[in-house]
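Residue numbers (the working numbering): 162 to 601.
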């Protein structure tokens, strides 16, 4: 076994190693001597000598040494060569072209990286002619800005090195005519999105657009200045319009059935499937005359899915009495009681639990003679059976889809907008008879 000749270290090499206080530096120096004198060192003896030498020199780094077998080299090591390429070019035809970067763009254009970055972000500090030249060069080179990288640097500069979390903007529309129950649904959506976003390294901030809120143009400016590129749109009672946002800079998900301006990916409850499942459960409990009441605008917003599922179930289930749904602009006591007394449903499905009081005032005994199902338990004013539309799950799923777009650097209006649906969860309650009552 040949031992490493520490005596062959020159004074300059020893001083360099001690000054650096690094076991790695000594190891590199040892390797140079090994190559120079064709000395082979391996095993525990060499490692022990190396560690002892480092400690004697005042280096207390407990790093383990691993001096391997080196081949004798008769020629000096090759010098590292620096290659200069044009943007997107390569020195070998069989190698793929490198992706253009801010550094390579700045070098070709003869500008600083800061100027190129500001020009691509549309900063007013850059001369318009220069900005146009930079954008043209970026397009020709195939450069594509990564919004997450920009958001990361902005957040790190603001937080001064604390833990980074990307930001998602939850956009709500301030609509005076929206029912209070919808506000509770939105609150649950945001809580679900925020919880899932934290797990994925993001946080959610809420912005209000419309009456008593900011304009769409102002929102665009705020999001760009904050480096926020993920937009989560909460359901609108009317027809939302965010087409004035510069969507080339944003990724978006809508938490309702469909948005036209612009057409984005969406996440929402599966109302059709949930209605069919609820009716199937009522059929198993012995109800044969189900009745449905809806507010017209609500049904239209969901593209008539509640009513379509109800009618389809009636038409395809033998033994059921066909009762036409009550669809009105505003639900009031008079029209409801008129419909209830005329068609005599044995179970009623709807959103407003006030209808239970109207049913009982007409002689019904809930649940002894009649039943009631609330189509959204967040809107109930008294305990009852119904459907939990799982708004927190919807918010969490929307956050996942939005973050996935950001991670893939997918911005802009999608070519093929998709809809992700989540079935509701059934909630038992005191407004329906039980299976045991059915057997009796």
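Where a beta carbon is used, it is the ideal one built from N, C-alpha and C, also for glycine.
*Do you know whose CA, among 476, 469, 403, 546, lies nearest residue 527's CA?*
Of the residues 476, 469, 403, 546, the one whose Cα lies closest to the Cα of residue 527 is 546.
_Neighbour-count burial assignment, residue 500, 16 or more Cβ in a 10 Å radius_ = Flag for residue 500 reads buried.
*asked:* If the criterion is Cβ atoms closer than 8 Å, does the pair residue 555 and residue 537 meet it?
replied: Against a cut-off of 8 Å, the Cβ pair of residue 537 and residue 555 comes out as no contact.
*Apply the 10 Å Cβ neighbour rule to residue 187 and answer buried if 16 or more other Cβ atoms are within range, or exposed otherwise.*
Low per-residue confidence applies at residue 187: pLDDT is 46, beneath 50, and the placement is therefore not dependable, though the value from the model is reported in the following sentence. Residue 187 is buried by the Cβ-count criterion.
*In three-state terms, what does DSSP make of residue 471?*
Here DSSP, grouped into helix, strand and coil, assigns residue 471 to helix.
_alpha helix (DSSP H) segment containing residue 290, residue limits_ = It spans 289–302 - the alpha helix (DSSP H) in which residue 290 sits, taken as one unbroken run.
*asked:* Buried or exposed, going by whether 16 or more other CB atoms sit within 10 Å of the CB of residue 495?
replied: Classification for residue 495: exposed.
_Buried versus exposed call for residue 513 [16 or more other C-beta atoms within 10 Å across all chains shown]_ = Buried: at least 16 other Cβ atoms inside 10 Å.
_the stretch 285–294 in contact with the stretch 336–346 per 3-pair CB rule at 8 Å_ = No, the stretch 285–294 is not in contact with the stretch 336–346.
*Short check: CB of residue 583 to CB of residue 430, under 8 Å?*
In contact: residue 583 and residue 430 (Cβ atoms closer than 8 Å).
*Measuring alpha carbon to alpha carbon, tell me which of 516, 304, 287 ends up nearest residue 265.*
Taking only the C-alpha atoms, the option nearest residue 265 is 304.
*Where does residue 379 land, buried or exposed, given buried means 16+ other C-beta within 10 angstroms?*
In the assembly as shown, residue 379 is an exposed residue. Its beta-carbon has fewer than 16 other beta-carbons within 10 Å.
*alpha helix (DSSP H) segment containing residue 518, residue limits*: Bounds of the alpha helix (DSSP H) holding residue 518 are 515–522.
*In terms of DSSP beta bridges, what is residue 580 paired with?*
In the DSSP output, where bridge partners are listed per residue, residue 580 has 427.
*Given that a residue counts as buried once 16 or more other Cβ atoms are within 10 Å of its Cβ, and exposed if not, what is residue 585?*
Buried, since its Cβ has 16 or more Cβ neighbours within 10 Å.
*Of all the options 327, 391, 456, 449, which has the alpha carbon lying nearest to the alpha carbon of residue 425?*
When C-alpha distances from residue 425 are compared across 327, 391, 456, 449, the shortest belongs to 391.
_Can you give me the C-alpha to C-alpha distance between residue 573 and residue 357, rounded to a whole angstrom?_
For residue 573 and residue 357, the distance between alpha carbons rounds to 23 Å.
*Do residue 559 and residue 354 come within 8 Å of each other at the CB atom, strictly closer than that value?*
Taking 8 Å as the Cβ cut-off, residue 354 and residue 559 qualify as a contacting pair.
*Going by other Cβ atoms of all chains shown within 10 Å of its Cβ, with 16 needed for buried, is residue 383 buried or exposed?*
Classification of residue 383: exposed, given that the 10 Å Cβ count is below 16.
*Is residue 575 closer than 8 Å to residue 346 when the C-beta atoms are compared?*
Not a contact, by the Cβ cut-off of 8 Å.
*Given a threshold of 16 other Cβ atoms within 10 Å of its Cβ, counted over all protein chains shown, does residue 542 qualify as buried or as exposed?*
Classification for residue 542: exposed.
*What are the partner residues of residue 335, as DSSP defines its beta bridges?*
Residue pairing by DSSP puts residue 335 in a beta bridge opposite 371.
*asked:* Tell me the DSSP secondary structure of residue 483 in three-state form.
replied: Reduced to three states, the DSSP call for residue 483 is coil.
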